Amino acid sequence: MNKKLQIAYIAAFLAACAAPLVCLPFAKTDKTAENRQLSSMPSFLEEDNTPNLNWSSQFETYFSEHFAFRPQLVTLGSLIKSEIFKTSSSEKVIVGSDGWLYFAETLPDYTGENAMSERRIYATAKTIALMQEHFQLDGRQFLFFCAPNKNTVYPDNMPARYIKSTAPTNLDRLSPALEYAGVNFIELAPLFKSQDKTLYLERDSHWTNEGALLAYNAAADYLDMPHNDFSSNTHTTQPVWHGDLDGMLFPSYEHLSDQEIYDIDFTFDYRGSFSSEDDLLIKTKSDSDGGALLMYRDSFGRAFYPFAAQNASKASFSRATPYKTSLADDIDAKYVILEIVERNLGSITEEAPVMDAPSRELDITASVMESDKNSCVTELKNGTLKLSGVLDESYFSDRSDIYITLESYEGLYAYEAFPVCDGSDYGFSMQISIEDIPDGNYDIYAYIKNGEEYICTGVLDEIAVKG
């Protein structure tokens, strides 16, 4: 290679390396496929005008997120890896066979690496059961269902290097626990597997519109909810869908996948503001006499909610957590549905729903076993008493229930707590209104019920109630 060619080669190489930085002000990236907040350009000075000692690391983060042509370069790298090496350039996406993509967060369910303890399975079912009890006491009908992971229903295109567990999954194990707890639920995984159509999008983590309609009709039938099942509406399959997994891998390449488009004239209206299908709260109304519906949902509700909104006189679709039961009062809901995707089942025992704990009549004869492993956080504010903590695991069997009592010479007030606190298998959380509790000083106890026997923790805390 002569000297001129060497110089030209070096110049071209340096220009290619410098282009992302030089062009940053003109072609910078402002968002990611995951819609997360990107960092801003760091300042050389802190707010107090002292030097920013972390400027270099902050700028490195800023540049890695904003450099020019980032989407195009990421897309090019992903295409090379997926098409030639059949691997993924994103830790959030699994490249399967025949063009299928899978969400990596479902992998622990697939391989069995995130098996929940039997105690946590029971706590999940009990939490849902206490919500159901609350709504049924108000005369509402309640239903729970879990949207199965894509690779639970369609595992055949998963890469062979991932070995599917032969043990029962968390979803499999939850069903008998729900039945034991008396929860109204439907199992969607067997229903979807029994269909002769592919009801999940090949390059997205969610079900198709046809899959969403199948789930909706199953729920409406279970609740005996008056509804149009849309069986008379035709639909066509069209390449109109840009999958979420495609967006993560190929941010600058719009690969459109097939999606079912229904010939339905949706006539429901939105109550209040509406920005997108991902709003934390979507409120609708229609001319239907199908009754009011409250649905706690996640991203699988995006394709589900239009069918439900069309058939409900009023509806509220909430993505917010913790679950607020007062949303049912806002629309006088006749029906309540709780939906969650399989990969997020563990989140049910992360935060207790916002509702008053049910009062209980307890005939307690219990041995006292105090422990320095017990914790209790007490908060009394605006007439509401909130209690939460974690108890000694030696108290528990897999199916233990937790009761909290307020005891004084004036009397004993007992409540059943949610078996939930920060994801612990041995946590508890509850809240109550103190308006019906006489003024006085109360000792707080926890009673753990194992079969017909109780264990008492001793005094966890003290509270002064003053009206």
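Note that my numbering gives residue 133 to position 133 of the sequence shown, counting from 1, and the numbers run on in steps of one.
Just so it is clear, CB atoms sit at the ideal spot from N, CA and C, and this is done for glycine as well.
This one's a predicted model, so the numbers in the text were calculated from it and none came from an experiment.
Tell me which residues share the same chain as A33 and place their Cβ nearer than 6 Å to its Cβ, disregarding the 5 neighbours each side in the sequence.
Low confidence applies here, because A33 scores a pLDDT of 47, under 50, leaving its location unreliable and the question unanswered by this model.
Do you know offhand how far G458's Cα is from S429's?
Their backbone Cα atoms lie some 17 Å apart in a straight line.
Counting pairs of beta carbons, one from the segment 106 to 124 and one from the segment 213 to 221, are three or more of them closer than 8 Å?
The segment 106 to 124 is not in contact with the segment 213 to 221.
Buried or exposed for M158, please, with buried defined as at least 16 other CB atoms from any protein chain shown within 10 angstroms of its CB.
That one is buried.
Under 8 Å: do the segment 156 to 172 and the segment 330 to 345 share three or more Cβ pairs, one atom per stretch?
The segment 156 to 172 vs the segment 330 to 345: in contact.
Below 8 Å between beta carbons: does that hold for V183 and F145?
Result no, Cβ atoms of V183 and F145 do not sit closer than 8 Å.
With a 10 Å radius around its C-beta and 16 neighbouring C-beta atoms as the bar for buried, classify F274 as buried or exposed.
Label assigned to F274: exposed.
How many whole angstroms separate the CB atoms of R120 and D425, which I take to be in contact at a CB cut-off of 8 Å?
The Cβ separation is near 5 Å, so the contact holds.
Using CA coordinates, which residue listed in E254, P148, Y270 and A308 is at the minimum distance from D221?
It is A308.
Are three or more beta carbon pairs between the segment 184 to 201 and the segment 225 to 233 nearer than 8 Å?
Taking 8 Å as the limit for Cβ pairs, the verdict is that the segment 225 to 233 does not touch the segment 184 to 201.
According to DSSP, is S88 helix, strand or coil?
Here the model assigns S88 a pLDDT of 46, short of 50, so the residue's position is not dependable, and the following value carries that caveat. It is coil, neither helix nor strand.
What distance in whole Å lies between the Cβ atoms of S318 and S286, which are believed to be in contact at a cut-off of 8 Å?
Not really, about 18 Å apart at Cβ, beyond 8 Å.
Enumerate in chain order the residues of its own chain whose CB-to-CB distance from K507 is below 6 Å, with the five nearest sequence positions on each side excluded.
Since the displayed the chain opens at 1 and closes at 467, residue 507 lies outside it and no answer follows.
What does DSSP give as the partner residue(s) for T237 in the beta ladder?
Its beta-bridge partners are E260.
Just the Cα atoms here: how many angstroms apart are Q136 and P42?
Cα-Cα distance, rounded: 53 Å.
Would Y270 be called buried (16 or more neighbouring beta carbons within 10 Å of its own) or exposed?
By the neighbour-count rule (16 or more Cβ atoms within 10 Å), Y270 is not buried but exposed.
Going by beta carbon distance, what residues of the same chain come within less than 6 Å of M131, once the five residues before and after it are set aside?
Here the set comprises P353.
For the structure I just gave you, are there three or more beta carbon pairs, one from the segment 92 to 107 and one from the segment 145 to 154, closer than 8 Å?
Judged by Cβ distances under 8 Å, the segment 92 to 107 makes contact with the segment 145 to 154, as three or more pairs qualify.
What span of residues does the beta strand (DSSP E) with M430 cover, start to end?
Unbroken beta strand (DSSP E) run through M430: G427 to S433.
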